[in-house]
Every structure is written in structure tokens, then in C-alpha cells.
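**Q**
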Amino acid sequence: MSSAVTSKIIETRVYDGQKPGTSGLRKAVRVFMQEHYTENFVQAILQALGDQLPGSTLVVKRLIIGQSGILSTPAVSTIIRKYKTQGGIVLTASHNPGGPDADFGIKFNCENGGPAPDHVTNKIYEITKVLKSYKIAPDITVDVDKIQSTTMQVDGNPFTVDVVDSVSDYLEHMKNIFDFSSIKTLLQGSNNHPPFKVLINAMNGVTGPYIKQIFIKELGIDNSSIVNAEPLEDFGGLHPDPNLTYAKGLVNAMKDGPYDFGAAFDGDGDRNMILGKKAFFVTPSDSLAVLAANLNLIPYFKKTGVKGYARSMPTGAAVDRVAAKNGIKLYEVPTGWKYFGNLMDAGHLSLCGEESFGTGSNHIREKDGIWACLAWLSVIASLRKSVEEILLNHWQIYGRNFFVRYDYENCDSEMANKMMQHIESELQKPELVGSKLTSESKTYIVKLADNYCYTDPVDGSQASKQGLRILFQDGSRIIYRLSGTGSSGATIRVYVDSYEDDPASLTKDAQEILKPLVTIALEISKLREFTGRDAPTVIT
Numbered sequence: 001m002s003s004a005v006t007s008k009i010i011e012t013r014v015y016d017g018q019k020p021g022t023s024g025l026r027k028a029v030r031v032f033m034q035e036h037y038t039e040n041f042v043q044a045i046l047q048a049l050g051d052q053l054p055g056s057t058l059v060v061k062r063l064i065i066g067q068s069g070i071l072s073t074p075a076v077s078t079i080i081r082k083y084k085t086q087g088g089i090v091l092t093a094s095h096n097p098g099g100p101d102a103d104f105g106i107k108f109n110c111e112n113g114g115p116a117p118d119h120v121t122n123k124i125y126e127i128t129k130v131l132k133s134y135k136i137a138p139d140i141t142v143d144v145d146k147i148q149s150t151t152m153q154v155d156g157n158p159f160t161v162d163v164v165d166s167v168s169d170y171l172e173h174m175k176n177i178f179d180f181s182s183i184k185t186l187l188q189g190s191n192n193h194p195p196f197k198v199l200i201n202a203m204n205g206v207t208g209p210y211i212k213q214i215f216i217k218e219l220g221i222d223n224s225s226i227v228n229a230e231p232l233e234d235f236g237g238l239h240p241d242p243n244l245t246y247a248k249g250l251v252n253a254m255k256d257g258p259y260d261f262g263a264a265f266d267g268d269g270d271r272n273m274i275l276g277k278k279a280f281f282v283t284p285s286d287s288l289a290v291l292a293a294n295l296n297l298i299p300y301f302k303k304t305g306v307k308g309y310a311r312s313m314p315t316g317a318a319v320d321r322v323a324a325k326n327g328i329k330l331y332e333v334p335t336g337w338k339y340f341g342n343l344m345d346a347g348h349l350s351l352c353g354e355e356s357f358g359t360g361s362n363h364i365r366e367k368d369g370i371w372a373c374l375a376w377l378s379v380i381a382s383l384r385k386s387v388e389e390i391l392l393n394h395w396q397i398y399g400r401n402f403f404v405r406y407d408y409e410n411c412d413s414e415m416a417n418k419m420m421q422h423i424e425s426e427l428q429k430p431e432l433v434g435s436k437l438t439s440e441s442k443t444y445i446v447k448l449a450d451n452y453c454y455t456d457p458v459d460g461s462q463a464s465k466q467g468l469r470i471l472f473q474d475g476s477r478i479i480y481r482l483s484g485t486g487s488s489g490a491t492i493r494v495y496v497d498s499y500e501d502d503p504a505s506l507t508k509d510a511q512e513i514l515k516p517l518v519t520i521a522l523e524i525s526k527l528r529e530f531t532g533r534d535a536p537t538v539i540t
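Per our numbering, residue 1 is the first one in the sequence shown, and the count goes up by one each step.
1. Compare the C-alpha of Ala490 against each of Arg469, Phe530, Leu514 and name the closest.
2. Alpha carbon to alpha carbon, how far is Lys325 from Thr141?
3. Report the rounded CA-to-CA distance for Thr85 versus Asn362, giving the unit in angstroms.
4. So what's Thr485 in DSSP terms, helix, strand or just coil?
5. Taking Leu343 as the reference, which of Gly460, Thr121, Leu437, Leu171 has the closest Cα?
6. For Phe403 and Lys307, I'd like the C-alpha separation in whole angstroms.
7. What first and last residue would you give for the alpha helix (DSSP H) that runs through Thr78?
8. Thinking C-alpha only, which one of Gly269, Thr315, Leu131 is nearest Thr38?
9. Taking the DSSP output, what are the residues bridged to Glu500?
10. Among the candidates Val494, Pro195, Val538, whose CA atom is the shortest distance from the CA of Val518?
11. Measuring only the C-alpha atoms, how far is Ile45 from Thr78?
12. DSSP three-state label for Tyr37, please.
13. Three Cβ pairs or more, each shorter than 8 Å: is that satisfied between the segment 151-168 and the segment 22-36?
14. For the pair the segment 308-324 and the segment 371-381, tell me if three or more CB-CB distances fall below 8 Å.
15. If you drop the 5 nearest sequence neighbours on each side, which residues of the same chain put their C-beta closer than 7 Å to that of Pro242?
16. Are there three or more Cβ pairs, one per stretch, closer than 8 Å when the segment 171-182 is compared with the segment 292-299?
17. When burial is assigned at 16 or more other CB atoms within 10 Å of the CB, is Arg30 buried or exposed?
18. Do Glu332 and Phe399 have their beta-carbon atoms positioned less than 9 Å apart in this structure?
19. Counting beta carbon pairs with one atom in the segment 197-212 and one in the segment 246-263, are three or more of them shorter than 8 Å?
20. How far does the alpha helix (DSSP H) with Thr547 in it reach, from first residue to last?
21. How would you write the range of the alpha helix (DSSP H) that Gln511 sits in, first residue to last?
22. Count the other C-beta atoms from every protein chain shown that fall within 10 angstroms of the C-beta of Asp368, then say buried if there are 16 or more, exposed otherwise.
23. Does the beta-carbon of His239 have 16 or more other beta-carbons within 10 angstroms, so that it is buried, or is it exposed?
24. Just the Cα atoms here: how many angstroms apart are Ile445 and Thr438?
25. What span of residues does the beta strand (DSSP E) with Ile445 cover, start to end?
26. Measure the alpha-carbon distance for Thr485 versus Asn191 and round it to whole angstroms.
27. From the DSSP output, in three-state form, read off Val198 for me.
28. Which residue wins for smallest C-alpha separation from Asn294, given the options Leu383, Glu126, Leu58, Thr160?
29. So, at 7 Å on beta carbons, what are the nonlocal neighbours of Asp450 in its own chain, with the 5 sequence-adjacent residues on each side left out?
30. Our contact map puts Asp139 next to Val5 with C-beta atoms below 8 Å; I'd like the distance itself, whole angstroms only.
31. Alpha carbon to alpha carbon, how far is Pro100 from Asn401? Give it in angstroms, no decimals.
32. Might you give, ordered along the chain, the residues of its own chain that have their beta carbon closer than 8 Å to the beta carbon of Phe261, omitting 5 neighbours on each side?
33. Please name the residue or residues paired with Asn122 in a DSSP beta bridge.
34. For Gly353, does the three-state DSSP call read helix, strand or coil?
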């Protein structure tokens, strides 16, 4: 089909506050519905992209869209890299609730397939502050529910819209990374082993088509082992954040059911939660460490070798122990997947993760929920141990980093900022370093206190004020951050990490082990006084 259309220039007005956070622009849906608001931000993205090529005008010649408008964030990264595009725009509420009264977001991924780095998002923001107009071609009509290629003339230039199968490129990539036959044997069972029963929950997010194709058609599990696999605009009223609070349905099904393994994914498919039999919970920090210790069991890493591990600064330091024991370089970066991308592009990094339920590798430049699930199943297929046995063995070898994160959502922004200022003033007191902090007969000696700054080892770029840290001599840590991924109010995050290598402590309840340090963290911050909150919204 061929047709000719003409673009139009629409005069607009500037909207304040279109500053992308750690992963795009997140606002309430009602904000994006304002006249010109969404168009302004998209125009700023395209203009910033053109400005990266001095003296050039950006002309979009080809647009790739997933069938029915559905692509997971990891699939977008896969497609950008495979077809060597200039980048991609992802429309996603991520792990936040969706629908007309909830959240939405727009994120730009650049040509490496990863989230745009700071210098690009800063450029986008600068453009949003002075934008006078945007260009739009309103007469283009393509049925995105049908796989097809449509070419037309836009302002005299050829323009092609390719509606592609949402799953095929990503599936092909996964088959090049993992041994699907060994995972299938695990799930189906063999003469020596009964079937390994799994329960996969897509939380009515974008991964529905992916898990149907991968787990049912390719790996042969039963339809009943997949739940909430229909992508819904409002996620069916669910909060698609795969953690113990919001994926309660999966937790309860695992507690009561016959399943050996459970996994849940968020709205755009980049986050994951892993559970063992009877809902044995694997913290994201432990998940990263276990995969690091067993990467050589995955075919992809047998071919590429292991180039390095990395974690975000607030993530529990379990992977540090694996790195030290294996003689592998470990990088600590600020929160935000874009910081891993530079290290990967430079060939320094194979595996990375965040405590916020994100795990991934250098196969793409995004965290990847389904990849993490398949990686776990690969390890289990090789070791033929349960999830719990794998963790217990891991702790015996490396010790255990007990980790917890307290989230206080929708706090008053002004009071949250005042609290952070108070904490920073406490951390700057010269007498803090070397002092002893005691709670419930546990004493911790302060080794370092600061506002975390990062210098990228590849390009020398710097990121400052990335989180307030108190590090103790025994390796324990307290960290405070204000989150940048919500759409309203402020989310205060308090992270507590404590290392134990006493065999008698390894299987104790994390809340019991961490209670003294949590008490110290709340006392230093005066969180209750500043926010009025007696308890966190979410504990992970």
C-alpha cells in the first residue's frame, strides 16, 4: 500500500516538570492527557536525538511497532540492537498501577538498546522548557493489530511502518542463550525425576504473550501453570510490581499449592520475583549472587566468558562475596539501568542487578524478567536441587547478606526532603565515623558516612547525590534514598544490609537479624517524626 501524507506544525505551550527520572518521564495518566503534553515530550526526544548528530535533521524513515502495540521493555532492547535502530520510545507505567486514574510513562532507549544516559535526558529536559511547536502527521492510519509492512510518503520522503510479531525476535534471542531442551526436560520430568512444577504470573502486564509462547508452546507446561497472562490497560486493577506485597496472589498460590518454583513479572516485563516451594522467597540481592556463582551453567556465558559483575549501590552486597571468591571484577553503580549500559558496551560487564527486582546480563541493555526466570531454571536443571537447597548451599559457601528495604510511598515531598537534609547533616558530623551505634545488644562501628557519588570508569562522567550511606566496619550498611520512579508524592526508601557467616545464623528470619539495624536507621532519620508514618507501605 502506498499513500502520501503531509505533516503539520502545531503550536504548543511549555509544561513545567518534564524532567525524566532514573527511567523516563513518569506522571499520572491525567497529566499526560493534557493537550499537547505527550506530544511535547515526544517532540523533545526526537529533537534531542537530532541534536546528537551536529548539523543534521532527523528524518524517521522506519518505525517498528509490536503487534497490537505490545512489546516488553527487554524485547524493545533486543529489537533496537538486532536491527541497529537509532533508538526506541517505550510507553510504560513500568511497575506502577495503570489506568485512567493511575500512572503512565514515556522512556527513550538509545541505539545500544538501553535507557538514555544523563546527558541525553538532560538535553530532552532542556528542550521541553523552550519548545514552541511540534510536528505531527495525523493522517497516518495503520492497523497495528495486523502483522504487516506499510510504506507511504511523508512530506515527500519514504516512510515505512513495520508491525512485527511481538515475541519472535526475543524468543530467538533466548534460544541462543539457554538450552531450552534441558529446561524442558526439567519441567516435563524424566525417568529419574518427576516434573518440576512451575507457576508463572504475568500480573496482566505485557509479558502475557511471551510466557504463553515460551512456557506453554516451547517448554510444554500446562495452561493452568500460567496466570494473569492477558495484557490489560489497567492491569486488571493489579499493582504489577512483583514483590511480596503486590504479588500476594502468587505467594499464596505457592504456599498452598504443589509448585516447586514461582515467578512474577511487572507491567513492562523487566522486573522479576523468584519463589521456591512453599513460597520460599529469594531476595533480588541473593538472586543476583546465586546466578553470578552459577553463570558457567548457562550456554551463553560458556561462549562469552564472565567479564564482570555489577550491582546498584543500594543492592545487598551478596554478589560482592561471589566476585571476591571467583576473582571477578565487581562494579557498584547508582540506581538506574543506564549506568550498567556503559560498562557493558565497554566489555567490562556480564551480569548485573538491582534490589528493586531487576536482574539482567549483557545480552541486552535492560533488566529482563523472563531472562532471569529462564536463568534460574537453567541453574536448577543443571544442579537438580530445589530453590531452597541452592540458597542454603550458597550461604554455606559465601555467608549470607541479610537484606531488607522499607518503602514509605506517597509521603509529603517537602517533609521527605527535610528528612533527607536532616540525615545528611547527621552524616556530616565528624564524630560519627568511628562511633558505636547500639540496639538490642548489637553494636555497629561506623566506618564511612556520605552522600554517594559515582564516577563512570568508562567515560569519566559523574553522578552525585545518589543516596545517603552509613557503612559499618563489619560490612553492614544503612542507605536512604528518595525514589525517582513514582508519579506523585515522594517515596522514601530505607535499605538495611547485614552480613553473617555464622552457620547458626544463616537460616534465621531476616527481620529478626535486621531489627537492631532497622531501629538504628529509623532513629537516625527521625522518619516517624518527619513523615508521621509508623510503618512502611511495602517491605521487601
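Here a beta-carbon is modelled for each residue, glycine too, at the ideal position from N, C-alpha and C.
**A** Per the coordinate set shown:
1. As a working note, residue 490 is residue 490 in the sequence shown. When only C-alpha atoms are compared, the closest one is Phe530.
2. In the sequence shown, counting from the first residue as 1, residue 325 sits at position 325. In the sequence shown, counting from the first residue as 1, residue 141 sits at position 141. Roughly 57 Å separates the two Cα atoms.
3. Here residue 85 refers to the residue found at position 85 when the sequence shown is read from its first residue. Here residue 362 refers to the residue found at position 362 when the sequence shown is read from its first residue. Roughly 18 Å separates the two Cα atoms.
4. In the sequence shown, residue 485 corresponds to position 485, counting from 1. Low confidence applies to Thr485: its pLDDT is 49, below 50, so where it sits in the model is not reliable enough to give any reading.
5. The residue labelled residue 343 in the question sits at position 343 within the sequence shown. Considering only alpha carbons, the answer is Gly460.
6. Position 403 of the sequence shown, counting from 1, holds the residue named residue 403. Position 307 of the sequence shown, counting from 1, holds the residue named residue 307. Whole-angstrom Cα-Cα distance: 26 Å.
7. Within the sequence shown, residue 78 is the residue found at index 78, counting from 1. Note, Thr78: alpha helix (DSSP H), 73-83.
8. Start at 1 with the first residue of the sequence shown, and residue 38 comes out as number 38. Of Gly269, Thr315, Leu131, the residue nearest in Cα terms is Leu131.
9. For the purposes of this step, residue 500 is taken as the residue at position 500 of the sequence shown. Looking at the DSSP assignment, Glu500 forms a beta bridge with Arg400.
10. Against the sequence shown, residue 518 aligns to sequence position 518. Among Val494, Pro195, Val538, the Cα nearest to that of Val518 is on Val494.
11. If you number the sequence shown from 1, residue 45 lands on position 45. If you number the sequence shown from 1, residue 78 lands on position 78. Roughly 20 Å separates the two Cα atoms.
12. As a position in the sequence shown, residue 37 is number 37, starting the count at 1. Tyr37 falls in the helix class under three-state DSSP.
13. no
14. no
15. As a working mapping, residue 242 is identified with position 242 in the sequence shown. Once the five neighbours on either side are set aside, the close Cβ partners of Pro242 are Met203, Ala264, Phe265, Asp266, Arg271, Asn272, Met273, Phe357.
16. yes
17. Position 30 of the sequence shown, counted from the start, is the residue given in the question as residue 30. Exposed, because fewer than 16 other Cβ atoms sit within 10 Å of the Cβ of Arg30.
18. Taking the first residue of the sequence shown as position 1, residue 399 is located at position 399. Taking the first residue of the sequence shown as position 1, residue 332 is located at position 332. A small correction: the amino acid at residue 399 is Gly; Phe does not occupy that position in the sequence shown. Cβ atoms of Gly399 and Glu332: not closer than 9 Å.
19. yes
20. With the chain represented from 1 up to 540, any question about residue 547 goes unanswered, as that position is not in the structure.
21. Numbered from its first residue, the sequence shown carries residue 511 at position 511. Unbroken alpha helix (DSSP H) run through Gln511: 510-525.
22. In the sequence shown, the residue the question calls residue 368 occupies position 368. Burial call: buried.
23. Here residue 239 refers to the residue found at position 239 when the sequence shown is read from its first residue. Classification for His239: buried.
24. Mapped onto the sequence shown, residue 445 falls at position 445. Mapped onto the sequence shown, residue 438 falls at position 438. In a straight line, the C-alpha of Ile445 is about 9 Å away from that of Thr438.
25. Working through the sequence shown from its first residue, we reach residue 445 at position 445. Taken as a continuous stretch (DSSP letters only), the beta strand (DSSP E) holding Ile445 covers 442-451.
26. Within the sequence shown, the letter at position 485 stands for residue 485. Within the sequence shown, the letter at position 191 stands for residue 191. Low confidence applies here, because Thr485 scores a pLDDT of 49, under 50, leaving its location unreliable; read the following figure in that light. In a straight line, the C-alpha of Thr485 is about 48 Å away from that of Asn191.
27. Residue mapping note: residue 198 aligns to position 198 of the sequence shown, counting from 1. Strand at Val198.
28. The residue labelled residue 294 in the question sits at position 294 within the sequence shown. Considering only alpha carbons, the answer is Leu383.
29. Position 450 of the sequence shown holds residue 450. Leu427, Arg469.
30. Locating residue 139 in the sequence shown gives position 139, where the first residue counts as 1. Locating residue 5 in the sequence shown gives position 5, where the first residue counts as 1. Right, their Cβ atoms sit about 4 Å apart.
31. Within the sequence shown, residue 401 is the residue found at index 401, counting from 1. Within the sequence shown, residue 100 is the residue found at index 100, counting from 1. Their backbone Cα atoms lie some 40 Å apart in a straight line.
32. Within the sequence shown, the letter at position 261 stands for residue 261. Once the five neighbours on either side are set aside, the close Cβ partners of Phe261 are Phe196, Lys197, Val198, Leu199, Ile274, Leu275, Gly276, Lys277, Trp376, Leu377, Ile380, Val387.
33. Looking up residue 122 in the sequence shown gives position 122. BP columns for Asn122 are empty, so no partner.
34. Position 353 of the sequence shown, counted from the first residue, corresponds to residue 353. Correct three-state label for Gly353: strand.
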